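Notes for the one structure printed next.
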Ligand code: AR6
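And the structure:
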């Protein structure tokens, strides 16, 4: 800290203000412009008030990584360039730094910078609760700076039956419910939605398959939070933050293990997985949820039987709770699962027959 302050003071005393501002603008134009604007709006008195408040901030030992310090110190130089010249400038350099910190914190466009400063999702030493709270309070724009690769809800199409996917319906057509269904083929960890379900194991401490992908994407804090949950029984669901993932939450569930044939017990357990995940989502006011094909990988549930349980449970849940959910996404990873869902979705989410007059 002392080094940074003296470095700044030296830079200030040597500065030709105009030159510095322009070089700073090249490096972080929006930050510097915001701070400069803010500085211009200060009266001499409010500048001094800011400076003393800034001292307090310095005393409270705010920690900035080197790159952020550089940005802040550059910004503070541009702030100082608008103040009186002479030896007092060097002294103001140190204090001005604090003023710039405050200006930074008070400038909406720079809010993201301070939020990012305190988020280190890749270190197992980070406090998971604090990071979870911080992430929860961030808006989407700022959270997008945390994860890079994502698929927004708008890009996930609502399911519509194609010509060759009609089959005899198990339920009555309901266009309102149909609009809440998507079939997405790809990696569930990329979805920028409220919650993704995880096909976990009873320890909740990670594993292979989709569970492994979710833990890798979320980072070590997910495991830390999971370790506080005392595991999870088959068919139950437990929710955590999603940390480095684009989703806001992960709902972990444990599917049944099928050794030979699927019995009533396994079928009921798989049904419980889907039901409890949806119930956990709606209880927490989460409106968009994606499911992988729970139990159909390592746990050996035959996919052609699992699809019936998944679709039936979601259909029944939506009938009772349609106003609480905007979208349920069946996220398939394998081509064979995609084909299964394409075939069977029409049974549980059939299209209303169009009147004969509409058919050309
Ligand atoms: N996105 C979406 N679906 C995926 C992804 C992904 N990134 N990766 C795999 N799948 P599995 P299970 C699909 O084995 O059968 C773990 O070790 C995959 O193609 O992940 O419930 C846990 O820790 C398949 O369709 O889950 C447990 O020990 C589906 O996800 C155990 O496996 C589920 O396959 C749970 O076994």
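Residue numbers (the working numbering): 156 to 515. Glycine included, C-beta positions come from ideal geometry on N, C-alpha and C. In this text the structure is predicted, and so the values were computed from the model without any measurement.
Within-9 Å CB hit, residue i to chain B
i, result
"residue 423", "Although the question refers to chain B, the structure presented lacks it and comprises just one protein chain."
Residue i versus residue j: straight-line alpha-carbon distance, rounded
i, j, result
"residue 498", "residue 505", "11 Å"
"residue 291", "residue 403", "7 Å"
"residue 489", "residue 296", "32 Å"
"residue 466", "residue 440", "22 Å"
"residue 384", "residue 393", "8 Å"
"residue 471", "residue 437", "14 Å"
"residue 424", "residue 387", "13 Å"
"residue 267", "residue 376", "In this prediction, residue 267 scores a pLDDT of 45, lower than 50, which makes its location untrustworthy; no coordinate-derived value is stated."
"residue 274", "residue 501", "44 Å"
"residue 495", "residue 456", "14 Å"
"residue 493", "residue 485", "9 Å"
"residue 419", "residue 469", "18 Å"
"residue 316", "residue 452", "26 Å"
"residue 301", "residue 480", "26 Å"
"residue 293", "residue 287", "10 Å"
"residue 434", "residue 478", "13 Å"
"residue 338", "residue 415", "29 Å"
"residue 311", "residue 341", "11 Å"
"residue 450", "residue 324", "25 Å"
"residue 279", "residue 462", "37 Å"
"residue 366", "residue 445", "14 Å"
"residue 357", "residue 410", "9 Å"
"residue 333", "residue 362", "34 Å"
"residue 460", "residue 417", "8 Å"
"residue 336", "residue 350", "15 Å"
"residue 281", "residue 303", "21 Å"
"residue 474", "residue 395", "27 Å"
"residue 285", "residue 313", "35 Å"
Cβ-heavy atom distance, residue i to the ligand AR6, below 8 Å
i, result
"residue 458", "yes"
"residue 488", "yes"
"residue 492", "yes"
"residue 429", "no"
"residue 496", "no"
"residue 447", "yes"
"residue 365", "yes"
"residue 344", "yes"
"residue 355", "yes"
"residue 341", "yes"
"residue 405", "no"
"residue 454", "yes"
"residue 368", "yes"
"residue 468", "no"
"residue 450", "yes"
"residue 386", "no"
"residue 399", "no"
"residue 361", "yes"
"residue 374", "no"
"residue 410", "yes"
7 Å CB neighbourhood of residue i in its chain, flanking five on each side removed
i, result
"residue 344", "368, 369, 372, 400"
"residue 308", "347, 348, 443, 482"
"residue 507", "328, 330"
"residue 427", "390"
"residue 283", "376, 379, 380"
"residue 476", "437"
"residue 364", "354, 452, 453"
"residue 382", "360"
"residue 326", "470, 503, 505"
Same chain only: Cβ atoms within 6 Å of residue i, ignoring 5 sequence neighbours per side
i, result
"residue 432", "352, 392, 406, 408"
"residue 169", "Low confidence applies here, because residue 169 scores a pLDDT of 32, under 50, leaving its location unreliable and the question unanswered by this model."
"residue 413", "421, 455, 456"
"residue 447", "343, 354, 365, 486"
Residue i: CB within 8 Å of a non-hydrogen atom of the ligand GDP
i, result
"residue 465", "Summarising the ligand content, the structure contains the ligand AR6 and does not contain the ligand GDP."
Cβ-based neighbour list, residue i, same chain, cut-off 8 Å, excluding 5 preceding and 5 following
i, result
"residue 305", "299, 345, 346, 347, 401"
"residue 322", "498, 499, 501, 502"
"residue 491", "458"
"residue 374", "276, 277, 398, 399"
"residue 464", "422, 425, 426, 429"
Ordered list of beta strand (DSSP E) runs contained in the stretch 353 to 389, each at least 3 residues: Complete beta strand (DSSP E) runs here, min 3: none at all.
Hey, which unbroken runs of the alpha helix (DSSP H) at 4 residues or more fall wholly within the stretch 275 to 360? As far as the stretch 275 to 360 is concerned, its whole alpha helix (DSSP H) runs of at least 4 residues are 283 to 292, 295 to 298, 330 to 333.
Length-filtered (3 minimum) beta strand (DSSP E) runs lying within the stretch 391 to 416: Within the stretch 391 to 416, the complete beta strand (DSSP E) runs of at least 3 residues are 392 to 396, 404 to 409.
Threshold first: 4 residues or longer. Then list the alpha helix (DSSP H) segments lying entirely within the stretch 448 to 495, N to C. As far as the stretch 448 to 495 is concerned, its whole alpha helix (DSSP H) runs of at least 4 residues are 458 to 476.
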